[in-house]
Each structure stands twice: as structure tokens, then as C-alpha cells.
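Trainee: This is the structure, below, for whatever I ask next.
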């Protein structure tokens, strides 16, 4: 069937108050951006609580795939539209009934479904009210497709007939990704590694409308160019949903080696994480970000106990740290990683800087004041090393 339009359903935006239009405008902008990247002729419009994508010369599967990557959409409804006549009137009942019966036959060619007709009559000038129209259309569908049955409680097919500027017929609701439109909730700095968790954290925070920048801590020669490329590929995967991402690549080797030389080895991971957070905070401040984002979840590894997370947080002075995966089980994270096509890249066997220097028996219940005392061992050179890392920041613009 050739659909004329896609009706876009959203959830949370609908309960917004006087600023609802801001969210609708942002959603329309993201829809237009997504559709501009595929072949087809599309017009995105808004009217009375509905967003429409009118479509011509398009590929159905490609269009649905593009829309399913736009945060803010909870449902995509392929619709057939019936235009007003030359006098500006909606079609009469006979013409409408004919189109409805044709629609049901084309959508469900085996003709064995139960159905219910749900009419929404926004244009009150139509001579039949919603109940009458629904009953009459249902009777005509039964006459045209005798193997179908009516079920008003639990139908296989819920046929929507909406009378607005035109009449739209649809019965399928294809799930969207949900969330809020990108760009409606500020910007954050994602600490992106080559693992499974951080790309999922980036996806989850972007789903709430947050724009992303990202920082990767590189440790050559202990990490390879393949490890760096792996992170670039993961940033590109996240950008399919999150839009363009500015990726900062920080050379962390000298800082790690200095920490390794001066600090207790069971505290290496925590102290290194604290300096990563400090550098990320500085980058975030420069980029007008409103917080840091990590992929940590409680208890997953030694550096993610509640005590360890408290020590990590204490290094950040000017902004919050957001951890969207904080209570997720590992399998929950893996499932999302698979869904967003990040998993196969994340499990490639290239080490990142955190795993290279991990201690055999890392501290699991560190105390902030002890970490701060032991960081004093670094006082001679650490500020210079951090500044050098910031000054040699390699910045890449990543876009799917």
C-alpha cells in the first residue's frame, strides 16, 4: 500500500504547558533532519496536537528506520489521506466508506481479523457524529469483507478514522524510541570508553533531550590506534540517535604513568578516574555543558562501589555527574547495546586505558580524604601534565 503520510505520536510533550510548542518545534526539526538524509519528498507539518509527515516518492522501510531514531516519537502511524473536494468539503459518506473498505482490504488481505472503528471528528461540520459514523463504517466493512468480525473490546485491528483538514485512515502504530526531542535539555560531556556501558549511557542521556560532547582518554603506546578507532566508531553509532558529537581525544599516558609511579597501586584506578573527571569537567566548562555523563552502575566493578563513586564524584567541583545506568543489571545494558548496534563494536578486543593499569587487588572502599592525601604525592608535576593533556586535545566532529 502507498501511504500518503505518517502521523507522529508523542507522549510527554503532550502534557507540557504553555511551552509545549518549543518541544514540538524541536521534534519537527529533528524529524526534518532525519528525513533529509534519505531519498524522498517529505513535508513535516503540525496541527492541533498532531505532527504529520506527508510523503511522496519514498522508500517505506528506509523512512520508518529514519523516524525510529528520532527521540520524542513514541509511535509512527502510516496513514492514507482523503483530501477535501473542490468546494473545500470533506468527502461524503459513500466516498469515505469506499476508501475505508479499500484500506482494510489492502492492509489485511487475508480478511480474517477482528476490528473496531474509532472515529475522531475534529471537524464538527461533518453531518454524522462519531458514534454514527463508526457504526456505519463498521457495517460496510463487514459487508465488503465478510470473514472479518467486530470486537469492540479486544480487536486485532483498531481502525482510526480522523476527520480534520483531511480524513486520515490508519491502523498500525509502529513503535518509536520515546524520550524527549534532542536539544531540549541542554548539553553534557560523556566520558566515552571502548566498553559496553558508556555508549549506552550516552544513548540514554540523549534520549532525554540532552546534546552530547564526548571525551576519550587515550594511552599510547599502551593502547593502539585500533582502540582509538573503536571509540570513534562507537561515537558514530551513538550519533545516529544523538546527532553530531564533538569528540575530544585526550592523551592520558603521562598522567597515568606518573600516578603509577607515585601512588599506591591498589588506588590507581580511583585516582586515575578522579583525574579523568577533572579533565572532563574542564572540557565541559569550556563547552558550556551542564554536567558529566558516565556509564557506571553500582557494584559492577571495584571502581563502581558506592564508596568508589563517592570518591570519583568528589573530584568534580562545579557540575553534577549523571549516571543513567546506575541501577541497571549488566544484561539490561547489553540488551540496549545490541538494540543500538553498539555491542559488536564494544566487544572488540582492544584495551582501553582503564583496563591496562588496573590493580590485581584494587581498593573497594576508598575514602575521599585518603585519596586526597595520596594525591599530594603528585603535586610536583600533575598540574603541568594535566595542562599539557588539555593543550594537546585532539577534537573530531563525529556524525553518522
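Numbering (this note's numbering), first residue to last: 100 to 499. All C-beta atoms, glycine included, are put in the ideal place defined by N, C-alpha and C.
Please say whether residue 218 and residue 260 have beta carbons closer to each other than 8 Å?
Mentor: Here residue 260 refers to the residue found at position 161 of the chain shown. Here residue 218 refers to the residue found at position 119 of the chain shown. Yes, they are a contact pair.
Trainee: Rounded to whole angstroms, how far is the Cβ of residue 265 from the Cβ of residue 449, which I believe are closer than 8 Å?
Mentor: Here residue 265 refers to the residue found at position 166 of the chain shown. Here residue 449 refers to the residue found at position 350 of the chain shown. Not quite, the Cβ-Cβ distance comes to about 54 Å (not below 8 Å), so this is no contact.
Trainee: For the alpha helix (DSSP H) containing residue 370, list its first residue and its last residue.
Mentor: Against the chain shown, residue 370 aligns to sequence position 271. Run containing residue 370: 367-385, per the alpha helix (DSSP H) assignment.
Trainee: Report all residues from its chain with a CB closer than 6 Å to the CB of residue 348; omit the five preceding and five following residues, and keep chain order.
Mentor: Locating residue 348 in the chain shown gives position 249, counting from the first residue. Cβ-Cβ distances below 6 Å link residue 348 to 315, 317 and 493 in the same chain, with the five nearest sequence neighbours on each side left out; the list follows chain order.
Trainee: Which residues in the same chain have their Cβ closer than 7 Å to the Cβ of residue 334, if we skip the five residues on either side of it in sequence?
Mentor: Walking along the chain shown from the start, residue 334 turns up at place 235. Cβ within range, chain order: 291, 313, 344, 346 and 497.
Trainee: Taking C-alpha atoms, which residue in 321, 296, 235 and 341 lies nearest to residue 399?
Mentor: The count along the chain shown starts at 1 and reaches residue 399 at position 300. Comparing Cα-Cα distances from residue 399 to each of 321, 296, 235 and 341, the minimum goes to 296.
Trainee: Between 377, 437 and 179, which has its C-alpha nearest residue 198's C-alpha?
Mentor: As a working note, residue 198 is residue 99 in the chain shown. Per the Cα distances, 179.
Trainee: In terms of residue numbering, what span does the alpha helix (DSSP H) encompassing residue 358 cover?
Mentor: What you label residue 358 is simply residue 259 of the chain shown in a count that begins at 1. Looking at the DSSP string, the run of the alpha helix (DSSP H) that includes residue 358 is 352-361.
Trainee: For the candidate residues 477, 182, 115 and 332, whose alpha-carbon lies nearest to that of residue 171?
Mentor: Numbered from its first residue, the chain shown carries residue 171 at position 72. Per the Cα distances, 115.
Trainee: Using C-beta distances below 8 Å, list every residue in its chain close to residue 167, excluding the 5 sequence neighbours before and after it, in chain order.
Mentor: Along the chain shown, read from residue 1 onward, the residue named residue 167 stands at position 68. 175, 273, 274, 275 and 276, listed in sequence order.
Trainee: Is residue 261 close to chain B, meaning its C-beta is less than 8 Å from at least one C-beta of that chain?
Mentor: Looking for chain B here will not work: only one protein chain is present.
Trainee: Is the distance from the Cβ of residue 257 to the Cβ of residue 215 below 8 Å?
Mentor: The residue you call residue 257 lines up with position 158 of the chain shown. The residue you call residue 215 lines up with position 116 of the chain shown. Residue 257 is a Cβ neighbour of residue 215, given a cutoff of 8 Å.
Trainee: Round the Cβ separation of residue 249 and residue 236 to the nearest angstrom and send it over; I've been treating them as touching at under 8 Å.
Mentor: What you label residue 249 is simply residue 150 of the chain shown in a count that begins at 1. What you label residue 236 is simply residue 137 of the chain shown in a count that begins at 1. Not a contact, Cβ separation roughly 11 Å.
Trainee: Can you list the beta strand (DSSP E) stretches of 3 or more residues lying completely in the region 237-271, in chain order?
Mentor: Within the region 237-271, the complete beta strand (DSSP E) runs of at least 3 residues are 256-262 and 266-269.
Trainee: Going by CA-CA distance only, name the one from 360, 300, 420 and 468 that's closest to residue 429.
Mentor: The residue labelled residue 429 in the question sits at position 330 within the chain shown. The residue with the shortest Cα to Cα distance from residue 429 is 300.
Trainee: Threshold first: 3 residues or longer. Then list the beta strand (DSSP E) segments lying entirely within the region 147-228, N to C.
Mentor: 149-155, 174-181 and 213-220
Trainee: Taking the continuous alpha helix (DSSP H) assigned at residue 122, which residues delimit it?
Mentor: One-based indexing of the chain shown puts residue 122 at position 23. Unbroken alpha helix (DSSP H) run through residue 122: 119-135.
Trainee: With DSSP as the reference, label residue 496 as helix, strand or coil.
Mentor: Along the chain shown, one-based indexing puts residue 496 at 397. Residue state for residue 496 is assigned as strand, using DSSP reduced to three classes.
Trainee: What is the residue span of the alpha helix (DSSP H) that residue 287 lies within?
Mentor: Taking the first residue of the chain shown as 1, we reach residue 287 at position 188. From DSSP, residue 287 is part of no alpha helix (DSSP H) but of the beta strand (DSSP E) over 286-290.
Trainee: Let me know the secondary structure DSSP gives residue 392 once reduced to three states.
Mentor: The residue labelled residue 392 in the question sits at position 293 within the chain shown. Strand at residue 392.
Trainee: State buried or exposed for residue 310, treating a residue as buried only when at least 16 other CB atoms are found within 10 Å of its CB.
Mentor: Taking the first residue of the chain shown as position 1, residue 310 is located at position 211. So residue 310 counts as buried.
Trainee: Alpha carbon to alpha carbon, how far is residue 440 from residue 129?
Mentor: As a first step, residue 440 is located in the chain shown; it is residue number 341 there, counting from the start. As a first step, residue 129 is located in the chain shown; it is residue number 30 there, counting from the start. If you take the alpha carbons of residue 440 and residue 129, they lie about 21 Å apart.
Trainee: Using CA coordinates, which residue listed in 354, 204 and 338 is at the minimum distance from residue 373?
Mentor: By one-based count along the chain shown, residue 373 stands at place 274. Cα-wise, what sits closest to residue 373 is 354.
Trainee: Give the DSSP-derived three-state secondary structure of residue 449 in the structure shown.
Mentor: In the chain shown, the residue the question calls residue 449 occupies position 350. Three-state result, residue 449: coil.
Trainee: Work out the CA separation of residue 427 and residue 396 for me, nearest whole Å.
Mentor: Translated into positions along the chain shown, residue 396 becomes position 297. Translated into positions along the chain shown, residue 427 becomes position 328. For residue 396 and residue 427, the distance between alpha carbons rounds to 6 Å.
Trainee: How is the alpha helix (DSSP H) around residue 311 delimited, first residue to last?
Mentor: As a first step, residue 311 must be located in the chain shown, where it is residue number 212. Element bounds for residue 311: not the alpha helix (DSSP H) but the beta strand (DSSP E), 310-317.
Trainee: Bridge partners for residue 140 per DSSP, in chain order?
Mentor: Along the chain shown, one-based indexing puts residue 140 at 41. Answer by DSSP bridge pairing, in chain order: 155.
Trainee: Check residue 103 in the structure and name its three-state DSSP category.
Mentor: Position 4 of the chain shown, counting from 1, holds the residue named residue 103. Residue 103: coil per DSSP, three-state reduction.
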